[in-house]
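In this note's numbering, the protein residues as written are 655 to 741. We put the CB at the ideal spot given by N, CA and C, even for glycine.
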């Protein structure tokens with residue numbers, strides 16, 4: 655298992671379009687990916703799960719990965735959350 659923290663930088667949070675971008679990015683990896691916000695875990699490969707998170711700009715999210723390519727997935731998704739998700 656690998657964990658990496660990232661701060662959400664998108665101005666409008668994870669509404670429909672940014673959430674779908676994140677899910678598409680997560681689907682590129684073979685490992686299981688959970689995003690933890692507070693005490694709850696969300697499936698990064700499920701649009702409904704990600705949208706139910708209600709994440710807003712500045713939220714600290716922990717990417718937790720397990721399986722093949724886990725470390726690479728966590729690092730690249732953290733970069734995606736901090737630098738590449740746009741409205």
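>> Between the stretch 723-736 and the stretch 699-708, can you find at least three pairs of beta-carbon atoms closer than 8 Å?
In response: No, because fewer than three Cβ pairs between the stretch 699-708 and the stretch 723-736 fall closer than 8 Å, the two stretches do not touch.
>> Beta-carbon within less than 7 Å of residue 721's beta-carbon, same chain only, minus the 5 sequence neighbours each way: which residues are those?
In response: Around residue 721: 684, 685, 686.
>> To the nearest angstrom, how far is the alpha carbon of residue 673 from that of residue 655?
In response: The alpha-carbon atoms of residue 673 and residue 655 are separated by roughly 23 Å.
>> Strictly by DSSP, which residues pair up with residue 714?
In response: Looking at the DSSP assignment, residue 714 forms a beta bridge with 661.
> For residue 719, is the classification buried or exposed, using 16 other Cβ atoms within 10 angstroms of its Cβ as the cut-off for buried?
Replying inline: It counts as buried.
>> Here's the rule: buried if 16 or more other CB atoms are within 10 angstroms of the residue's CB, otherwise exposed. What is residue 711?
In response: Label assigned to residue 711: exposed.
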